[in-house]
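K.L.:
Okay, here's the structure, questions in a sec.
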Amino acid sequence: MKISSSRKHTIGTVLSHVAVWVVLILVPLMVQMRYDEINIRHMSRTWLMLFGLGVAFYANFSFAIDKFLYKKKYFYFIIFNVILFIVLRYIDGLISWAIDVALNFTPQRAYRSAVTAWDVVRLYNNIIFYSLGVGASLGLRYVNRVAEIDADRKRLQHEKLETEVNLLKYQLQPHFFFNTLNNIYSLIGQAPNDAQKAVHSLSKMMRYILYDNTAHQIALKSELEFITNFVNLKKLSLCNNVRIEFKFPEETYDFTLPPLLLIPLVENAFKHGVIPGEPSSIKCNVEVTSEKLEFYVENTINDSQNNEDRSHSGIGLQNLKRLLDLQYHDTYAFIHGTDEKKNMYVAKLTLPNNTKE
3 MKISSSRKHT
13 IGTVLSHVAV
23 WVVLILVPLM
33 VQMRYDEINI
43 RHMSRTWLML
53 FGLGVAFYAN
63 FSFAIDKFLY
73 KKKYFYFIIF
83 NVILFIVLRY
93 IDGLISWAID
103 VALNFTPQRA
113 YRSAVTAWDV
123 VRLYNNIIFY
133 SLGVGASLGL
143 RYVNRVAEID
153 ADRKRLQHEK
163 LETEVNLLKY
173 QLQPHFFFNT
183 LNNIYSLIGQ
193 APNDAQKAVH
203 SLSKMMRYIL
213 YDNTAHQIAL
223 KSELEFITNF
233 VNLKKLSLCN
243 NVRIEFKFPE
253 ETYDFTLPPL
263 LLIPLVENAF
273 KHGVIPGEPS
283 SIKCNVEVTS
293 EKLEFYVENT
303 INDSQNNEDR
313 SHSGIGLQNL
323 KRLLDLQYHD
333 TYAFIHGTDE
343 KKNMYVAKLT
353 LPNNTKE
C-alpha cells in the first residue's frame with residue numbers, strides 16, 4: 003500500500019516527538035543510576051518539571067500561538083501562559099505532596115508553611131522549564147510557519163503559471179481561427195469543393211485543440227501533424243506563385259513541448275510572407291535530436307506592409323514570447339528578424355527536450 007507524502011510527514015513528526023520525549027524521560031533515570039540507590043522523589047520532581055515543559059510546549063504550539071500571538075493579542079497570550087503556569091504549579095505541588103505521603107516523607111516538611119531556599123530554587127526551575135517549553139514551541143512554530151508560507155507561495159506561483167499558460171493558449175486559438183475562417187469564407191464562392199476540404203481540415207485541427215492537446219506537454223509528432231493540416235489548408239487559398247517548402251523529420255525522439263507553441267511562427271510567415279501578385283516564398287525546417295529541437299522559418303518580406311507588421315509583432319508572436327518565458331525561462335533561444343543577405347524574414351526557435359528532465 004502506497005503512503006501519501008502528507009501521511010509520511012505526519013508519521014515522521016509523531017515519531018520524532020516520541021523519540022525526543024523518550025530521551026528526556028530517560029535522562030533523569032540514567033543520572034540516578036549512577037548512584038547506588040535511585041532517589042525516586044528527586045526523579046519524580048524532574049519528571050514533573052518535564053511534564054510542565056511538555057504542557058507549555060503543546061498548549062502554545064497547537065493553540066495559543068495561532069489563537070493569540072499571530073493575531074497580535076499579546077496580552078491574552080501572556081495571561082494564558084500565566085494562568086497555565088499557575089495551574090501547573092498547583093498540579094505540581096499536589097502531585098509532589100502525594101508522592102511525599104506515598105514515600106512516608108517527613109510530614110512536617112511536607113506540610114511546612116515557611117518558604118525555604120529549596121522552594122525558591124524549585125520555583126526558579128519550574129519557570130525555566132516552562133519558559134523552555136514556550137520558547138521551543140515558538141521556535142518550531144516559526145519554522146513551520148515559514149515552511150507553510152513558502153509552500154503556499156510556491157503553490158500560488160504554480161497556479162498563477164498554470165492560469166497564465168492556459169490563458170495564453172486560449173488567446174492563440176481565437177486569433178488563429180479568425181484568420182482561418184476568413185480564408186474558408188473566401189473559398190466558398192470561388193471553389194466550393196476546396197471550401198469543403200478546408201472545413202474538413204479545420205475540423206481535424208479543432209479536434210486537436212479541443213481534445214488532443216489538453217495535456218501540458220504534447221508529442222512533437224502530433225504538433226507537426228497539426229502544422230501540416232494548417233499548411234494544407236492555407237495552400238487552398240494561395241496562388242501558384244507562392245513557393246512553400248516544409249521539411250519535417252521522421253524521427254522525433256519522443257520530443258514533447260507545450261501545445262500550439264510552434265503555430266504562431268508558421269501563421270505569421272503566411273500572414274506576412276505572401277505578396278499579392280508577386281513571387282513569394284515560405285520555408286520551414288525542423289531538426290530534432292534527443293536533446294533539443296530547432297524550428298526554423300523564413301518568409302518573403304512584404305514591403306507593402308508597415309514596419310510594425312514586418313517585425314511580426316502580432317498577437318500570436320507576443321503570446322509566444324510570453325509562453326516561452328513561462329515554460330522554459332532562460333533555457334530556450336529565440337532569434338527573429340530580417341536577414342539582409344537573403345532579404346528574408348527569419349525566425350529560429352531552439353528548445354530543450356523536457357522528456358530529459
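Numbering (the numbering used here), first residue to last: 3 to 359. We put the beta carbon where it would ideally sit given N, CA and C, even for glycine.
Roughly how many whole angstroms lie between the Cα atoms of Ile130 and Gly141?
P.N.:
If you take the alpha carbons of Ile130 and Gly141, they lie about 16 Å apart.
K.L.:
Are Ile207 and Phe232 closer than 8 Å when you measure CB to CB?
P.N.:
The residue asked about is misnamed: residue 207 is Met in this sequence, not Ile. Closer than 8 Å, so yes.
K.L.:
Using only CA atoms, which one of Ile42, Phe63, Gly135 lies nearest to Leu105?
P.N.:
Closest by alpha carbon: Ile42.
K.L.:
With H, G and I counted as helix, E and B as strand and the rest as coil, what does DSSP make of Lys350?
P.N.:
Strand, per DSSP.
K.L.:
Buried or exposed: Phe65, going by 16 or more other Cβ atoms within 10 Å of its Cβ?
P.N.:
Answer is exposed; the Cβ neighbour count stays below 16.
K.L.:
For Leu90 and Gly54, what's the separation of their Cα atoms in angstroms?
P.N.:
Cα to Cα, the separation comes out at about 6 Å.
K.L.:
In this structure, does DSSP put Asp154 in helix, strand or coil?
P.N.:
Three-state DSSP puts Asp154 in a helix.
K.L.:
Determine the direct distance from the alpha carbon of Ile277 to that of Leu325, and round the result to whole angstroms.
P.N.:
Going from the Cα of Leu325 to the Cα of Ile277 covers about 29 Å.
K.L.:
Quick check: the Cα distance between Lys343 and Lys156, rounded to an integer number of angstroms?
P.N.:
Their Cα atoms are separated by approximately 47 Å.
K.L.:
Compare the Cα-Cα distances from Tyr144 to each of Asn242, Ile67, Ile265, Tyr210 and report the closest residue.
P.N.:
Ranking the options by Cα distance to Tyr144, first place goes to Ile67.
K.L.:
Apart from the five residues on each side of it in sequence, which residues of its chain come closer than 7 Å, Cβ to Cβ, to Ser313?
P.N.:
Model confidence at Ser313 stands at a pLDDT of 40, short of 50, so the residue's coordinates are unreliable and nothing is read from them.
K.L.:
How many whole angstroms separate the CB atoms of Leu295 and Phe257, which I take to be in contact at a CB cut-off of 8 Å?
P.N.:
Indeed they touch by this definition, with Cβ atoms about 6 Å apart.
K.L.:
Using C-beta distances below 6 Å, list every residue in its chain close to Leu226, excluding the 5 sequence neighbours before and after it, in chain order.
P.N.:
Taken in chain order, the residues that qualify are Phe250.
K.L.:
Just verifying my parser: in three-state terms, what is the DSSP assignment at Ile303?
P.N.:
Residue state, collapsed to three classes: coil.
K.L.:
Quick check: what's the CA-CA separation for Leu262 versus Asp332?
P.N.:
Computed Cα separation, rounded: 20 Å.
K.L.:
If you draw a straight line from the alpha carbon of Met32 to that of Ala61, how long is it in whole angstroms?
P.N.:
In a straight line, the C-alpha of Met32 is about 28 Å away from that of Ala61.
K.L.:
Is the distance from the Cβ of Ala200 to the Cβ of Ile211 below 8 Å?
P.N.:
No, Cβ-Cβ distance for Ala200 and Ile211 is not below 8 Å.
K.L.:
Can you tell me which of the three DSSP states Gly56 falls into?
P.N.:
Note: Gly56 maps to helix in three-state DSSP.
K.L.:
Since Gly135 and Gly56 should fall inside the 8 Å C-beta cutoff, what is the C-beta to C-beta distance between them, to a whole number of angstroms?
P.N.:
Going by Cβ atoms, the distance from Gly135 to Gly56 rounds to 7 Å, so yes, they are a contact pair.
K.L.:
Between the Cα of Thr340 and the Cα atoms of Gly95, Ala197, Val299, which residue gives the shortest distance?
P.N.:
The shortest C-alpha separation from Thr340 is found at Val299.
K.L.:
Is Phe77 closer than 8 Å to Ser139 when the C-beta atoms are compared?
P.N.:
The answer is no: Cβ separation not under 8 Å.
K.L.:
Would you kindly work out how many angstroms separate the C-alpha atoms of Ser46 and Ile27, rounded to a whole number?
P.N.:
Those two C-alpha atoms are separated by around 10 Å.
K.L.:
Under the assumption that Tyr279 contacts Asn301 (Cβ atoms under 8 Å), give the Cβ distance between them as a whole number of angstroms.
P.N.:
It should be noted that the sequence gives Gly, not Tyr, for residue 279. With 8 Å as the limit, Gly279 and Asn301 do not qualify as a contact, their Cβ atoms being about 16 Å apart.
K.L.:
Hey, could you find the ends of the alpha helix (DSSP H) Glu227 is sitting in?
P.N.:
Counting along the chain, the alpha helix (DSSP H) containing Glu227 begins and ends at 222–237.
K.L.:
Taking only three categories from DSSP, how would you classify Lys273?
P.N.:
Helix at Lys273.
K.L.:
How long is the line joining the alpha carbons of Ser188 and Lys236, rounded to whole angstroms?
P.N.:
Between Ser188 and Lys236, the C-alpha separation is close to 12 Å.
K.L.:
Which residues share a DSSP beta bridge with Asp1?
P.N.:
Residue 1 falls outside the range modelled here, since the chain spans only 3 to 359, and no answer is possible.
K.L.:
Just curious, the beta strand (DSSP E) that Ser203 is in, first and last residue?
P.N.:
Careful: Ser203 lies outside any beta strand (DSSP E), inside the alpha helix (DSSP H) at 194–209.
K.L.:
Which ranges would you report for the beta strand (DSSP E) in the region 241–273 if only whole runs of at least 3 residues count?
P.N.:
Fully enclosed beta strand (DSSP E) runs of 3 or longer: 244–249.
K.L.:
Keeping to the same chain, check which residues put their C-beta closer than 6 Å to that of Asn243; ignore five residues upstream and five downstream.
P.N.:
The residues are Pro281.
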